[in-house]
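Novice:
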Amino acid sequence: MGGLDRTRGVRLRRSAAAMALSGMLAGCGLGEAMRPDAMAAMKEAWPGVEMEKDSGGTEECGGLDISADKEASKLSAHVTYRGNIRPGDERSLAELARAAGKRLIERGWHSDVEGRIPDEEGLKISVKSSSRVRLQMEKPGVHGWVVVLVHADEPNDYGVSMSVSTKCLRNPAWGNGEER
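Sequence positions in the sequence shown follow this note's numbering and run 473 to 652.
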């Protein structure tokens, strides 16, 4: 029975840590610098687009580098929002990504992907294909990044997504006198 209690305790700690890190993204801690900036930039860049939460969660990234040996001493978190560009918006995929990037730059973010040459506005937009454009932004002092993805499902049918992700961060709930 002791083994089952230990497993249950580990699950409870992981759940509590995941909730705490999700809370950081949702409204306190890192969320103050990441999610609100990104959501405001998207609303300004793409007026009228309803961004709905598509996915989110945490992942254990502490412990040894071997994936099977990861534990919850460190966690990373992410959340993705998706929407569709309204019919009649005639901007190209790159223009849509650039509009979001400009708004993020106004909030202190920068495009810092190695190996990419910035355009005249300092953005390093990655054209993945004729139907997919990606832009990654970082902000000094913020332990994470924002990724803007604009894609065309069909001609004149553009989808957009914005993902906010943290780096692998120390889990403050890990090792507070609880058995691991």
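Note that CB positions come from ideal geometry on N, CA and C, so glycine has one too.
Just verifying my parser: in three-state terms, what is the DSSP assignment at Gly560?
Specialist: If you number the sequence shown from 1, residue 560 lands on position 88. Residue state, collapsed to three classes: coil.
Novice: In chain order, what residues of the same chain lie with their CB nearer than 8 Å to the CB of Glu455, ignoring the 5 residues before and after it?
Specialist: Because the chain spans 473 through 652 in this model, residue 455 falls outside it and cannot be assessed.
Novice: Rounded to the nearest angstrom, what separates Glu578 and Ala517 at their Cα positions?
Specialist: Position 106 of the sequence shown holds residue 578. Position 45 of the sequence shown holds residue 517. Answer to the nearest angstrom: the Cα atoms are 12 Å apart.
Novice: Residues in the same chain with beta-carbon distance under 6 Å from Leu576, minus the five sequence neighbours each way, listed in chain order, please.
Specialist: By one-based count along the sequence shown, residue 576 stands at place 104. These residues qualify, in order along the chain: Ala513, Met609.
Novice: Identify whether Asp584 lies in helix, strand or coil by the three-state DSSP scheme.
Specialist: What you label residue 584 is simply residue 112 of the sequence shown in a count that begins at 1. Coil at Asp584, not helix or strand.
Novice: Mapping DSSP to helix, strand and coil, what is Asp625?
Specialist: Residue mapping note: residue 625 aligns to position 153 of the sequence shown, counting from 1. Asp625: strand per DSSP, three-state reduction.
Novice: Relative to the C-alpha of Ser564, which residue among Met634, Pro644, Leu621, Lys639 is closest?
Specialist: By one-based count along the sequence shown, residue 564 stands at place 92. Closest option to Ser564, Cα to Cα, is Leu621.
Novice: Roughly how many angstroms lie between the CA atoms of Glu543 and Val614, to the nearest whole one?
Specialist: Start at 1 with the first residue of the sequence shown, and residue 543 comes out as number 71. Start at 1 with the first residue of the sequence shown, and residue 614 comes out as number 142. Looking at the two C-alpha atoms, the distance is approximately 23 Å.
Novice: Using alpha carbons as the reference points, say which of Val551, Ser601, Arg606, Thr530 lies closest to Ala571.
Specialist: Locating residue 571 in the sequence shown gives position 99, where the first residue counts as 1. The candidate whose alpha carbon is nearest that of Ala571 is Arg606.
Novice: Hey, how far is the Cα of Ala531 from the Cα of Gly647?
Specialist: For the purposes of this step, residue 531 is taken as the residue at position 59 of the sequence shown. For the purposes of this step, residue 647 is taken as the residue at position 175 of the sequence shown. Note on identity: in this sequence residue 531 is Glu, with Ala being the wrong assignment. C-alpha separation (whole angstroms): 17 Å.
Novice: Gly631: which of Arg507, Leu547, Asp526 sits nearest, CA to CA?
Specialist: Along the sequence shown, one-based indexing puts residue 631 at 159. Among Arg507, Leu547, Asp526, the Cα nearest to that of Gly631 is on Asp526.
Novice: Tell me where the alpha helix (DSSP H) around Leu568 begins and ends.
Specialist: Position 96 of the sequence shown, counted from the first residue, corresponds to residue 568. Segment 565 to 578, the alpha helix (DSSP H) holding Leu568.
Novice: With distance defined between alpha-carbon atoms, name the residue in Ser637, Arg642, Gly594 nearest to Gly529.
Specialist: Your numbering for residue 529 matches position 57 in the sequence shown. Residue Ser637 is the option with its Cα nearest to Gly529.
Novice: Considering only the alpha carbon of each residue, which of Pro612, Arg507, Asp509, Gly520 lies closest to Asp561?
Specialist: On the sequence shown, residue 561 is found 89 positions in, with the first residue counted as 1. Residue Gly520 is the option with its Cα nearest to Asp561.
Novice: Using a Cβ-Cβ cut-off of 8 Å (strictly less than) and excluding sequence neighbours within five positions of Cys533, which residues of its own chain qualify?
Specialist: What you label residue 533 is simply residue 61 of the sequence shown in a count that begins at 1. Within the same chain, Cys533 has close Cβ partners Lys542, Lys546, Leu547, Ser548, Cys640.
Novice: Leaving out the 5 sequence neighbours to the left and right, which residues in its chain are closer than 8 Å to Cys500 when beta-carbon positions are compared?
Specialist: Position 28 of the sequence shown, counted from the first residue, corresponds to residue 500. Note that Cys500 scores a pLDDT of 38, beneath 50, so its modelled location is shaky; the value from the coordinates is reported in the next line. Result list for Cys500: empty, nothing under 8 Å.
Novice: According to DSSP, Gly529 sits in a beta bridge with which residue or residues?
Specialist: On the sequence shown, position 57 is the one that residue 529 refers to. Answer is His550.
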